[in-house]
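Set out below in structure tokens:
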């Protein structure tokens with residue numbers, strides 16, 4: 001009986017300590033979640049990190065640049081914004097429903113083509129040349145041979161008279177707003193890439209970090225889709241290649257790559273800073289690290 005009482009008296013304080021430890025971690029976890037949400041809101045208000053590219057180059061900003069890759073759902077912002085603006089304008093000026101109908105159709109087609117196809121510069125020039133050739137040939141046949149070709153198509157489309165319904169446009173914008181916000185959170189939590197002269201650090205919220213040694217790597221930009229470049233506000237791809245020109249790592253759809261590239265190129269061309277942490281002279285190594 002004495003042993004039983006002693007065991008019980010020992011276990012009870014341990015249980016109390018463990019439970020109090022768990023309770024002490026709960027406020028920290030809640031505070032960390034609130035802090036992440038606050039950072040996410042600040043990141044959105046700062047233009048998805050665009051304002052950091054225009055800050056003065058002082059201190060750490062010279063040694064590191066942070067960029068974000070975006071999900072395909074990010075490109076829905078155009079149709080969402082046009083829907084809200086068109087609905088407000090049609091409600092205020094009902095006579096503009098036909099004009100906003102055509103604008104909404106153009107934004108919808110542009111977004112669909114962006115999400116489904118990759119149109120690079122060569123393809124854009126090729127298709128532009130084909131349409132220009134067809135238009136010139138059609139004008140020649142209509143003026144010289146009196147054959148109705150493209151003008152008949154334009155008259156048919158004009159006769160359809162598309163009209164924007166403000167309620168429908170608003171509902172579509174509200175329904176697309178949620179996946180767009182989800183794409184923003186995906187970019188903030190899993191699309192962060194920090195480039196420094198020594199390494200490339202990728203953060204994945206809830207999983208950890210991945211650090212890539214960039215020694216021996218060369219970098220090149222690729223703008224594989226002009227439509228994505230416009231909707232992504234200068235978005236593009238960044239490739240890391242080795243000495244044999246093999247693509248080691250690829251980051252797709254980096255937001256604001258056109259604006260961030262001058263600073264990013266400056267950092268990527270800096271030589272790696274190697275510090276010798278020799279045990280016989282640790283003070284000297286610390287001085288180099290501070291410099």
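Residue numbers (my numbering): 1 to 291.
Idealized CB from N, CA, C, for every residue including glycine.
Residue 238 carries a strand assignment under DSSP once its states are collapsed to helix, strand and coil. Per the C-alpha coordinates, the member of 133, 69, 103 positioned closest to residue 185 is 69. If you check the CB distance, residue 192 and residue 203 come in under 7 Å. Per the coordinates, the alpha-carbon of residue 200 lies some 25 Å from the alpha-carbon of residue 41. Membership of residue 82 in the alpha helix (DSSP H) is indicated by the continuous run 77-92.
Under the 8 Å Cβ criterion, the segment 161-169 counts as touching the segment 99-106, having at least three qualifying pairs. In the DSSP assignment, residue 248 falls within the beta strand (DSSP E) that extends over 247-254. When 122, 141, 262 are compared, the shortest CA-CA separation from residue 226 is found for 122. In the DSSP annotation of this structure, the continuous segment of the beta strand (DSSP E) that includes residue 199 starts and ends at 199-204.
Judged by DSSP secondary structure, residue 68 falls outside any alpha helix (DSSP H) and instead within the beta strand (DSSP E) spanning 65-68. Annotation: the continuous alpha helix (DSSP H) that includes residue 129 extends over 121-144. The C-alpha of residue 164 lies about 10 Å from the C-alpha of residue 94. Judged by beta-carbon spacing, residue 149 lies beyond the 7 Å limit of residue 157, meaning their Cβ atoms are not closer than that value.
About 7 Å separates the beta carbons of residue 255 and residue 233, which is inside the 8 Å limit, making them a contact pair. Annotation for residue 192: the continuous beta strand (DSSP E) segment containing it runs 192-195. Within the DSSP bridge table, the entry for residue 208 names 204 as partners.
In the DSSP assignment, residue 221 falls within the beta strand (DSSP E) that extends over 218-222.
Judged by DSSP secondary structure, residue 101 falls within the alpha helix (DSSP H) whose first and last residues are 97-116. With respect to the 7 Å criterion, residue 187 and residue 205 are not classified as neighbours on the basis of their beta carbons. Counting the other CB atoms within 10 Å of its CB gives residue 71 a total of 16 or more, which places it among the buried residues. Here the alpha carbons of residue 221 and residue 242 stand approximately 15 Å from one another. Residue 82 and residue 48 have their C-alpha atoms roughly 20 Å apart. Within the same chain, and ignoring the five residues on either side of residue 249 in sequence, the residues whose Cβ sits closer than 6 Å to its Cβ are 240.
Residues of the same chain with a CB within less than 7 Å of the CB of residue 196, apart from the 5 flanking positions on each side, are 63, 64, 267 in chain order. Counting the other Cβ atoms within 10 Å of the Cβ of residue 124 gives fewer than 16, which makes it exposed. CA-to-CA, the gap between residue 182 and residue 73 works out to about 8 Å.
Comparing alpha-carbon positions, the option among 230, 224, 244 lying closest to residue 238 turns out to be 224. When DSSP states are grouped into helix, strand and coil, residue 265 belongs to the helix group.
Close CB contacts of residue 194 within its chain, under the 6 Å cut and outside five residues either way in sequence, are with 64, 66, 201 (chain order).
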